[in-house]
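Scroll down for the structure; my scribbles are underneath it.
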Amino acid sequence: MSSSSLAPSPNSLDILDSQIDPKYRDAYSIKLHQYHLENPNCWEFSIVPGMFKQSDPDTDESKFNYLDEHFGKIGSWDAIVERLNQLNSESCQDEQYKILFLFRHYAGYHNLAHLKYGDDAWNNYWSKINGDDEMTWGPDANLTMESIETARKNSKLIAQELSNNNASNKSLIMPNRLYVSPLSRAIDTLYYTWDPILDLKKVQPKIQENWRETMGIHTCDKRSTRSIINQRFTGKGFEIESSLTEEDELYQDDYRETVDEQAMRMNSALQELFSECGKDESIIGITSHSGSIRTQLMVLGHRSFAVQTGGMVPVFVKALRRGNIEKL
-4 MSSSSLAPSP NSLDILDSQI DPKYRDAYSI KLHQYHLENP NCWEFSIVPG MFKQSDPDTD
56 ESKFNYLDEH FGKIGSWDAI VERLNQLNSE SCQDEQYKIL FLFRHYAGYH NLAHLKYGDD
116 AWNNYWSKIN GDDEMTWGPD ANLTMESIET ARKNSKLIAQ ELSNNNASNK SLIMPNRLYV
176 SPLSRAIDTL YYTWDPILDL KKVQPKIQEN WRETMGIHTC DKRSTRSIIN QRFTGKGFEI
236 ESSLTEEDEL YQDDYRETVD EQAMRMNSAL QELFSECGKD ESIIGITSHS GSIRTQLMVL
296 GHRSFAVQTG GMVPVFVKAL RRGNIEKL
């Protein structure tokens, strides 16, 4: 498998964006404790080790390309899926196991601008406006044309990997459900990646507010109206959650969401996912953003792991309702 059309590894900004200051981890722990007190039967997440290289602390994230590494699987897909099915069949009603494919969108114009101006200038000035004399990145930054072509090329590689190279198991590890951020670059990434592989009008990928990037100040992270999203994507098979408002009521020009606040948002999204999807829906694709994946990994109990644009982290998750934990 060749992945020449994907960035060979995360760049310095990707690695920087994946890191979480201990103060935010502590703040999240405090918020999560309070959430547990108020929701005693919520899901608690952990990682099943030994399934994917990305969860191994010895794996070098700075040199990792999921396409070259066969998604990072340890052993065969047959063995991984057999283990997944076995754990689900042997578990109680309040215990679930899932493989989550956490995809990051391909490069948008905001990513090019971030690289062009550097982290400090981007955060202090350029991220707060809609563009420069060369490109526009706000609101709701789009994928570059090159990224769209890359997504189309890599879709073929993903299909080849997921087919397990076994004619009798063509659907062995295809996702049962797909979820996506409402930002255009994420929805387009999902579309160009999965439309050649799956019947999206049958799968109906769900557009949900909670998967979106860190909110506020950066104009690239302000989403389009519901009407625009509906016009662009529902005809392609996407379903928009009923609670998504016409205007972006969550974005603020003068306040940027903190990491612990975003982590609580990701926890809410994952709580809903595990409550909505039964054990028979055990392989899920989520397409979002670097900041979103950073906090998803923290919520799930996974090590920090940098993901390049267009990259992916597979996570083998155990979810157990806290009410059940207390009985053990």
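Going by this note's numbering, the residue at position 88 of the sequence shown is 83; the numbering climbs one at a time, nothing skipped. Cβ coordinates follow ideal geometry from the N, Cα and C atoms, glycine included.
{"Item": "C-alpha gap between Val310 and Thr240, whole angstroms", "Value": "31 angstroms"}
{"Item": "Proximity of Thr290 and Gly103 at Cβ, strictly below 9 angstroms", "Value": "no"}
{"Item": "Between the CA atoms of Asp243 and Ser219 - distance to the nearest angstrom", "Value": "7 angstroms"}
{"Item": "CB contact flag (Leu185, Thr282, <9 angstroms)", "Value": "yes"}
{"Item": "Where the beta strand (DSSP E) containing Lys313 begins and where it ends", "Value": "Met307 to Arg316"}
{"Item": "Beta-carbon gap between Trp189 and Gly280 smaller than 9 angstroms", "Value": "yes"}
{"Item": "Top-ranked residue by Cα proximity to Glu236, from Asn262, Ile192, Gly230 and Arg221", "Value": "Arg221"}
{"Item": "Which listed residue (Thr54, Asp73, Lys217 and Asp21) has its alpha carbon closest to that of Gly67", "Value": "Thr54"}
{"Item": "Short Cβ contact (9 angstroms threshold) for Val312 with Ser41", "Value": "yes"}
{"Item": "Closest residue to Asn205 among Tyr187, Gly286, Phe59 and Lys148 (Cα-Cα distance)", "Value": "Gly286"}
{"Item": "Cβ-based burial, Arg99 [other Cβ within 10 Å; buried from 16]", "Value": "buried"}
{"Item": "Given 8 angstroms, three or more beta-carbon pairs between the region 250 to 266 and the region 15 to 24", "Value": "yes"}
{"Item": "Range covered by the beta strand (DSSP E) that runs through Phe269", "Value": "Taken as a continuous stretch (DSSP letters only), Phe269 belongs to no beta strand (DSSP E), being part of the alpha helix (DSSP H) at Val254 to Glu271."}
{"Item": "7 angstroms CB neighbourhood of Gln14 in its chain, flanking five on each side removed", "Value": "Ser299"}
{"Item": "Host beta strand (DSSP E) of Lys93 (start-end)", "Value": "Glu90 to Arg99"}
{"Item": "Rounded distance between the beta-carbons of Ser4 and Ser57, thought under 8 angstroms", "Value": "6 angstroms"}
{"Item": "Inter-residue spacing [alpha-carbon to alpha-carbon] between Ser142 and Asn106", "Value": "11 angstroms"}
{"Item": "Integer-rounded CB distance, given that Gln266 should sit under 8 angstroms from Trp38", "Value": "6 angstroms"}
{"Item": "Residue ranges of each beta strand (DSSP E) within the region 110 to 152, 3 or longer", "Value": "none"}
{"Item": "Residue burial classification, Lys165 (beta-carbon count within 10 angstroms, cutoff 16)", "Value": "Per-residue confidence for Lys165 stands at a pLDDT of 44, beneath the threshold of 50, marking its modelled position as unreliable; no derived number is given."}
{"Item": "Pair within 9 angstroms by beta-carbon distance, Phe210 and Leu173", "Value": "It is worth fixing the name first, because residue 210 is Met in this sequence and not Phe. Going by C-beta atoms, Met210 is not nearer than 9 angstroms to Leu173."}
{"Item": "Strand pairing of Lys201, partner residues [DSSP]", "Value": "Tyr174 and Glu234"}
{"Item": "C-alpha gap between Met46 and His297, whole angstroms", "Value": "12 angstroms"}
{"Item": "Under 9 angstroms between C-beta atoms of Ser277 and Tyr92", "Value": "yes"}
{"Item": "Reduced DSSP category for Glu77 - H, G, I as helix; E, B as strand; rest coil", "Value": "helix"}
{"Item": "Whether Asn36 touches Gly318 by CB criterion (9 angstroms)", "Value": "yes"}
{"Item": "Beta-bridge pairing of Thr209 - partner residues as DSSP gives them", "Value": "DSSP lists no partner for Thr209."}
{"Item": "Check whether Asp216 and Arg227 have beta carbons under 9 angstroms apart", "Value": "no"}
{"Item": "Integer Cβ distance of Leu315 from Glu90, believed to fall under 8 angstroms", "Value": "5 angstroms"}
{"Item": "Close-in-space but distant-in-sequence residues of the same chain around Ile10 (CB under 8 angstroms, 5 per side omitted)", "Value": "Glu56, Ser57 and Ala301"}
{"Item": "For Ala181 and His284, the rounded distance between their alpha carbons", "Value": "7 angstroms"}
{"Item": "9 angstroms Cβ cutoff met for Leu8 and Asp127", "Value": "no"}
{"Item": "Outcome for Thr229 when other beta-carbon atoms lying within 10 angstroms are tallied against a minimum of 16", "Value": "exposed"}
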